[in-house]
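A.B. asks: Quick one: the structure is below, questions incoming.
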Amino acid sequence: MSAVAVLPVRSARGWSDPSFRSLATQVIVLAVLAGTVAFLATNLVGNLEARSIRTGFGFLWQAAGFEIGQSFIAWSPSASFGRALLVGLLNTLVVASLGIVLSTLAGFVVGIASLSRNPLVSPLARLYVELVRNTPLLLQLYLWYAVLTQMLPAASAAPQLLPGVYLAKSGLHFPVLQHGTEPLLAAVLVGVLAFAGHGLWARRQAERNGVPAKLWPGLLLLALPVVAVALERAVTASFDVPRPTRFGFSGGGMITPELTALLIGLSLYNAAFIGEILRAGILSVGRGQLEAGAALGLSRGQALRLVVIPQAMKVAVPPLASQYLNLAKNTSLAIAIGYPDLMSIGNTIINQTGQAVEVIAILMCVYLALSLAISAFMNWYNARVALKGAS
Amino acid sequence: MNAGALSLRARLFGSVGNTLLTVVMLALFAAWLPALLRWAVIDATWWAASPATCRTAGGACWAFIHEKLRLVLFGRYPFEEQWRPLAALLLTIALVLAGCSLRFGWRSVVAGALAGILAVIVLMRGGVFGLSLVPTDLWGGLPLTVFLAVGGIIGAFPIAIGLALGRRSELGAIRGICVVFIEMVRGVPLVSVLFMASFMIPLFLPGKLQVDALLRALIAITLFSAAYLAEAIRGGLQAVPAGQEQAAKALGLGYWQTSLLIVVPQALRLAIPAIANLCIGLFKDTSLVGIVGLTDLLLATKQALGDPQWRSFSLEGYLFVALLYVAFCSFISHYSRALERRSQPGA
Numbered sequence: 026m027s028a029v030a031v032l033p034v035r036s037a038r039g040w041s042d043p044s045f046r047s048l049a050t051q052v053i054v055l056a057v058l059a060g061t062v063a064f065l066a067t068n069l070v071g072n073l074e075a076r077s078i079r080t081g082f083g084f085l086w087q088a089a090g091f092e093i094g095q096s097f098i099a100w101s102p103s104a105s106f107g108r109a110l111l112v113g114l115l116n117t118l119v120v121a122s123l124g125i126v127l128s129t130l131a132g133f134v135v136g137i138a139s140l141s142r143n144p145l146v147s148p149l150a151r152l153y154v155e156l157v158r159n160t161p162l163l164l165q166l167y168l169w170y171a172v173l174t175q176m177l178p179a180a181s182a183a184p185q186l187l188p189g190v191y192l193a194k195s196g197l198h199f200p201v202l203q204h205g206t207e208p209l210l211a212a213v214l215v216g217v218l219a220f221a222g223h224g225l226w227a228r229r230q231a232e233r234n235g236v237p238a239k240l241w242p243g244l245l246l247l248a249l250p251v252v253a254v255a256l257e258r259a260v261t262a263s264f265d266v267p268r269p270t271r272f273g274f275s276g277g278g279m280i281t282p283e284l285t286a287l288l289i290g291l292s293l294y295n296a297a298f299i300g301e302i303l304r305a306g307i308l309s310v311g312r313g314q315l316e317a318g319a320a321l322g323l324s325r326g327q328a329l330r331l332v333v334i335p336q337a338m339k340v341a342v343p344p345l346a347s348q349y350l351n352l353a354k355n356t357s358l359a360i361a362i363g364y365p366d367l368m369s370i371g372n373t374i375i376n377q378t379g380q381a382v383e384v385i386a387i388l389m390c391v392y393l394a395l396s397l398a399i400s401a402f403m404n405w406y407n408a409r410v411a412l413k414g415a416s
Numbered sequence: 128m129n130a131g132a133l134s135l136r137a138r139l140f141g142s143v144g145n146t147l148l149t150v151v152m153l154a155l156f157a158a159w160l161p162a163l164l165r166w167a168v169i170d171a172t173w174w175a176a177s178p179a180t181c182r183t184a185g186g187a188c189w190a191f192i193h194e195k196l197r198l199v200l201f202g203r204y205p206f207e208e209q210w211r212p213l214a215a216l217l218l219t220i221a222l223v224l225a226g227c228s229l230r231f232g233w234r235s236v237v238a239g240a241l242a243g244i245l246a247v248i249v250l251m252r253g254g255v256f257g258l259s260l261v262p263t264d265l266w267g268g269l270p271l272t273v274f275l276a277v278g279g280i281i282g283a284f285p286i287a288i289g290l291a292l293g294r295r296s297e298l299g300a301i302r303g304i305c306v307v308f309i310e311m312v313r314g315v316p317l318v319s320v321l322f323m324a325s326f327m328i329p330l331f332l333p334g335k336l337q338v339d340a341l342l343r344a345l346i347a348i349t350l351f352s353a354a355y356l357a358e359a360i361r362g363g364l365q366a367v368p369a370g371q372e373q374a375a376k377a378l379g380l381g382y383w384q385t386s387l388l389i390v391v392p393q394a395l396r397l398a399i400p401a402i403a404n405l406c407i408g409l410f411k412d413t414s415l416v417g418i419v420g421l422t423d424l425l426l427a428t429k430q431a432l433g434d435p436q437w438r439s440f441s442l443e444g445y446l447f448v449a450l451l452y453v454a455f456c457s458f459i460s461h462y463s464r465a466l467e468r469r470s471q472p473g474a
């Protein structure tokens, strides 16, 4: 033993050796996991054989043989199970995207109303938020579905909300353009392009002159083509207007009560949460910011739009992202009121084929992909709104 | 934003926009409040032998709740035996309140929880002590909802603490397993986890071993909540200063002692608001078990409304159940706020 050795260090052996211990722990955990999976898989194979359930994804190409209440692509019972899943996925995507847009709009109203100084408005918004957040979404969906299917009048007595728009037990009926919607879609496209182009130009001008850009010319450009085409259509083309008869409506377009209830329920439920998120975001921006904006000569609207809201969004975007994720996942409650979303069609297919493992694997993968897509988009958006140079 | 400093008049009529808003709101109140009052109170029927009385009165039919209360609260549990779910429910609530009062050490809490679970199962299921056997498919209503929520959160806590610690582990394999589990569960809807549990657990177990439908739903809810709870606890773990862990190590504590005695208790305290939100979410989400056929409070209400005589009074039925949910959820949020105030360091 040399004189420099201060402490007699025993080299650790076996379980006392940290690196051996960590390796051994990981190996044991992985072995237990692999053993469990192997055990479950053996049981699965045995059980599937005992119940004579087929395996594999061959069923996706077989004829489904059931009706689907609402479809955005052509559907007949002779189409395949795979196409049925596609119909369900589209139905889910439609509800999720419309739900996100509607709940954000309603959430803005709720958030602003709960910040209002008006003593008639803010308590009402607080009451709404408390009631909605403390009751299950499923309960609210049942409630809306019951209201829409039981309390509304039949076709012959349906109230006319707007000219040609009826709300009845059988759903929301509205007029549709008879000769294609292509010109209208083209007008929307032109409007969006003009809006984006003007936005880019205005931003460059604003950076050059130091005068903040105005929003309204862009909005005008966005709306003009659509209004023009709609006016032209209204004069020349004919609408297919729904006509109430004794046995329901004939003609026109229709949104089923299931979809209406789902959209109303999802939007109003998530609006309460989104309203709270936006309220917290706006409250997190100090009042001095608004005053500093005013001191620089910005109008109240400009100060809100250019100073307060960008900072509020930095706080609000991460929780907003998880709220959108929740909304997308909550579209699966559609099954409870009979809207044919992905989950509900998957359930029908399991009942018809018995191939639960395959169908549930597909469903889970699709929902995971949907969640990842929303996460990725919101991360990208978050990186955009994050303050430059701030962590 | 600093509303208190302004006079009521300024808040109502301070600007053109605000005056307009006030006028519109007053007009809406004037139009809707009397009608609402008339429907809910004045024209309402409180007691009635048949739904026809309600229809002639025209207002809300609260008699529906009087008529179907037992079905809504206890589902299809045998009528004469319904004192048992009531006793089990009260026992559960009493035990949860006792646990929430923080007057007992963790040993008595664990012992009380185990004894309570056993007592609830004996009371509900019967088959011993002269109680008749009631299989779980007849359990229902409010007790089922409360059992699923309480059982789910009790089961989820240990799993979630394990997952949260595992996600910060230095061992790559364990970290990987925890990350994959948490992210996969958080990426899919609860309905799909419930379906998976109800369709696939029987397929994955040996043929002779049967798992009860109620237990399958409880497993699904527990695992689902554990993933979310793990993230809430991980948020708390990240907020515990690193010095705490270093100090514990300097005192010679090992990994488990450091984690469970020093770090996790502080992390849980920091995570109280997030955990309370999850508990409220879990309580509401138990309603989804209705989709896989368990008669919880909500599905029991829906079944009560299935009676063709009473089915036009859905609004009354759902509003009543909504009040029950609001009562339970408000209790959780009030309790969490009190707990937060109490557990502030130095308070």
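As they're listed, the protein sequences go chains A and B. Residue 26 is where the first sequence starts when you use this note's numbering, and the numbers rise one by one after that. Residue 128 is where the second sequence starts when you use this note's numbering, and the numbers rise one by one after that. Beta carbons: idealized from backbone N, C-alpha and C, even for Gly.
Take L166 (chain A) and list the residues in its own chain whose beta-carbon comes closer than 7 angstroms to its own, dropping the five residues that flank it on each side.
C.D. replies: Cβ within range, chain order: A286, L287, G290, L358, A361, I362.
A.B. asks: For L260 (chain B), which residues from the same chain have a beta carbon less than 6 angstroms from its beta carbon, with the 5 sequence-adjacent residues on both sides left out?
C.D. replies: Cβ within range, chain order: G253, G254.
A.B. asks: Alpha carbon to alpha carbon, what distance is there between I328 (chain B) and D339 (chain B)?
C.D. replies: Their Cα atoms are separated by approximately 10 angstroms.
A.B. asks: What are the residues that DSSP puts in a beta bridge with R268 (chain A)?
C.D. replies: According to DSSP, which records beta bridges pairwise, R268 (chain A) is partnered with A:S275.
A.B. asks: Is there contact between the region 95-113 of chain A and the region 373-393 of chain A, where contact requires at least three CB pairs shorter than 8 angstroms?
C.D. replies: Yes, the region 95-113 of chain A touches the region 373-393 of chain A.
A.B. asks: Under 8 angstroms, Cβ to Cβ, is there at least one residue of chain B near L397 (chain A)?
C.D. replies: So yes, L397 (chain A) belongs to the interface.
A.B. asks: Quick one: using the 10 Å Cβ neighbour count with 16 as the cut-off for buried, is E443 (chain B) buried or exposed?
C.D. replies: Burial call: buried.
A.B. asks: Below 7 angstroms, is the gap between the Cβ of G444 (chain B) and the nearest heavy atom of the ligand SAM?
C.D. replies: This structure lacks the ligand SAM, and indeed carries no ligand of any kind.
A.B. asks: Count the C-beta pairs between the region 167-186 of chain A and the region 175-187 of chain B that are closer than 8 angstroms, then say yes if the count reaches three, no if not.
C.D. replies: No: fewer than three Cβ pairs fall under 8 angstroms.
A.B. asks: Could you name the residues of the same chain whose beta carbon sits closer than 7 angstroms to that of S139 (chain A), not counting the 5 residues immediately before and after it, in chain order?
C.D. replies: These residues qualify, in order along the chain: S147, A150, R151, V154, G300, R304.
A.B. asks: Would you mind giving the Cβ-Cβ distance between D265 (chain A) and G277 (chain A), rounded to the nearest angstrom? I have them listed as a contact below 8 angstroms.
C.D. replies: Indeed they touch by this definition, with Cβ atoms about 6 angstroms apart.
A.B. asks: Which class does L187 (chain A) belong to by DSSP, given the choice of helix, strand or coil?
C.D. replies: DSSP places L187 (chain A) in strand when its eight states are reduced to three.
A.B. asks: Keeping to the same chain, check which residues put their C-beta closer than 8 angstroms to that of S141 (chain A); ignore five residues upstream and five downstream.
C.D. replies: So the list reads S147, A150, once near-sequence residues are dropped.
A.B. asks: What does the alpha-carbon distance come out to for the pair A238 (chain A) and F156 (chain B)?
C.D. replies: Their Cα atoms are separated by approximately 40 angstroms.
A.B. asks: Does the Cβ-Cβ distance between S470 (chain B) and I399 (chain B) come in under 8 angstroms?
C.D. replies: Yes.
A.B. asks: Using 8 angstroms as the limit for Cβ to Cβ distance, is V382 (chain A) near chain B?
C.D. replies: For V382 (chain A), the answer is yes, since a Cβ of chain B falls inside 8 angstroms of its Cβ.
A.B. asks: M26 (chain A) by DSSP, collapsed to three states: which one?
C.D. replies: Annotation note: pLDDT 45 at M26 (chain A) (below 50); position unreliable, coordinate value reported separately. Coil, per DSSP.
A.B. asks: Kindly identify the DSSP beta-bridge partner or partners of A9 (chain A).
C.D. replies: Because chain A spans 26 through 416 in this model, residue 9 (chain A) falls outside it and cannot be assessed.
A.B. asks: Please list, in chain order, all residues of the same chain as L487 (chain B) whose beta carbon is under 8 angstroms from its beta carbon, the five residues on each side excluded.
C.D. replies: Nothing can be reported for residue 487 (chain B), as the shown portion of chain B is limited to 128 through 474.
A.B. asks: Quick check on the DSSP output: the alpha helix (DSSP H) that includes D264 (chain B) runs from which residue to which?
C.D. replies: Careful: D264 (chain B) lies outside any alpha helix (DSSP H) and carries neither H nor E.
A.B. asks: Between R229 (chain A) and I418 (chain B), what straight-line distance do the alpha-carbon atoms span, to the nearest angstrom?
C.D. replies: Taking the straight line from one Cα to the other gives about 54 angstroms.
A.B. asks: For the alpha helix (DSSP H) holding Y294 (chain A), just list the boundary residues, first then last.
C.D. replies: Segment 282-308, the alpha helix (DSSP H) holding Y294 (chain A).
A.B. asks: According to DSSP, is D339 (chain B) helix, strand or coil?
C.D. replies: Coil.
A.B. asks: Can you give, in chain order, each stretch of the beta strand (DSSP E) that sits fully within the region 114-199 of chain A and has at least 3 residues?
C.D. replies: The qualifying runs are 185-187, 190-193, 196-199.
A.B. asks: Going by C-alpha to C-alpha distance, which of B:Y355, B:L426, B:R197 sits closest to P285 (chain B)?
C.D. replies: Looking at the Cα atoms, B:Y355 is the closest of the given residues.
A.B. asks: Assess, as a yes-or-no matter, whether the region 85-104 of chain A is touched by the region 358-377 of chain B under the definition of 3 or more beta carbon pairs within less than 8 angstroms.
C.D. replies: These segments do not touch.
A.B. asks: Give me the chain A residues within the contact set of V318 (chain B), using Cβ-Cβ distance strictly less than 7 angstroms, ordered along the chain.
C.D. replies: Correct list: S357, L358, I360, M368.
A.B. asks: Please decide whether Y462 (chain B) counts as near chain A, where near means a Cβ-Cβ distance under 8 angstroms.
C.D. replies: Taking Cβ atoms only, chain A never reaches closer than 8 angstroms to Y462 (chain B), which makes this a no.
A.B. asks: On the DSSP bridge list, what partners appear for A88 (chain A)?
C.D. replies: The partner list for A88 (chain A) (beta bridge, DSSP) reads A:S105.
A.B. asks: Can you check DSSP and say which residues form a bridge with D170 (chain B)?
C.D. replies: Paired residues: none, contrary to the question.
A.B. asks: Closer than 9 angstroms, Cβ to any Cβ of chain B: which residues of the region 154-166 of chain A, in chain order?
C.D. replies: Per Cβ criterion, the list reads E155, L156, R158, N159, T160, P161, L162, L163, L164, Q165.
A.B. asks: Do you know how far the Cα of T270 (chain A) is from the Cα of M279 (chain A)?
C.D. replies: Near 15 angstroms, if we compare the C-alpha coordinates of T270 (chain A) and M279 (chain A).
A.B. asks: Let me confirm a value: A324 (chain B) is counted as buried when at least 16 other C-beta atoms fall within 10 Å, else exposed. Which label applies?
C.D. replies: It counts as buried.
A.B. asks: Below 8 angstroms between beta carbons: does that hold for Q336 (chain A) and I78 (chain A)?
C.D. replies: Result no, Cβ atoms of Q336 (chain A) and I78 (chain A) do not sit closer than 8 angstroms.
A.B. asks: State buried or exposed for P205 (chain B), treating a residue as buried only when at least 16 other CB atoms are found within 10 Å of its CB.
C.D. replies: By the 10 Å Cβ count, P205 (chain B) comes out exposed.
A.B. asks: How would you call F402 (chain A), buried or exposed, if buried means at least 16 neighbouring beta carbons within 10 angstroms?
C.D. replies: F402 (chain A) is exposed by the Cβ-count criterion.
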